Every structure is written in C-alpha cells, then in structure tokens.
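Colleague:
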Amino acid sequence: MADIAKLVEELSKLTVLEAAELAKALEEEWGVSAAAAVAVAGPAGGGDAAAPAEEKDEFDVVLTGDGGKKIQVIKEVRAITGLGLTEAKALVEGAPKPLKEGVNKAEAEEIKGKIEAAGGTVELK
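Quick note: the sequence shown uses the working numbering, first residue 1, plus one each step.
1) Mapping DSSP to helix, strand and coil, what is MET101?
2) DSSP on THR15, reduced to helix/strand/coil?
3) Determine the extent of the beta strand (DSSP E) in which GLU123 is found, giving its start and end residues.
4) Can you tell me whether GLU28 is buried or exposed, with buried defined as 16 or more other CB within 10 angstroms of its CB?
5) Helix, strand or coil for ALA20, going by three-state DSSP, please let me know.
6) Check each candidate in ALA95, GLU21, THR86 and name the one with the smallest Cα separation from ALA106.
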C-alpha cells in the first residue's frame, strides 16, 4: 500500500496535459478507458445524494466571433480543423459555429487559447 501512496503522490504532480497523455497511453497499452473504469466503479462513499456532480469530460469548442481580426482567426481555424480557405472563412463569418465537438478538456483549452491568441472569441460547451 505504501507504493500506491507514492504513486498517487507522483501522479498528482502531473500537469493536465501530462495526465491526458498518460491516460491515452494507458488506454492504448491495456485497451481500457479511464472513463469506463470510473463508470463501473460508481460514486465513492456509498453514492449519497450530496455527492458533487461529475466533471464534464467532453466539450464542444464554439467560435463566437473573430474579434475584428478575421484573417488571423481564419488561419488558426484552418490549422485546427484542417479546412480549406473557403470553408474556414465561411465558418468564421458564420460565427457562432462549432469548431470541434466532443473533445477532451485539455484539447478544448488548447484550441481556445490558440483562437483567443489570434484575436477571436471562443465558448466551451
């Protein structure tokens, strides 16, 4: 049990991105999903009604505006989505529009940061 405590201590030092990479590596290695293990285990502490709500693990990244910097935002949208120039321009001009759907929190935050750095506005749903 002491080894488990040490492991938990080391894992708690990971950044969000490192933890996401670890989860992906474990899923690939053992063919199991961390989300499935949590769902099977059920809520801790007997599942009383006062348990906190489950944290959302999938997000939709929605472009809400270009912030007056349409060209820079179009470039980032192209880089993120792989769309062609015409499709990316239409997406930016048609905001609010989803950029990516069903992504994990780390990826959603990364996309949000890139779009905001380019001058656009993003909402995570």
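For each residue, glycine too, the CB sits at the ideal point set by N, CA and C. Since we're looking at a predicted model, the values are computed, not measured.
Modeller: So, from the data block:
1) Sequence check: residue 101 is Glu here, not Met. Look at GLU101 here: in three-state DSSP terms it is strand.
2) coil
3) Element bounds for GLU123: 121-124.
4) exposed
5) helix
6) The candidate whose alpha carbon is nearest that of ALA106 is GLU21.
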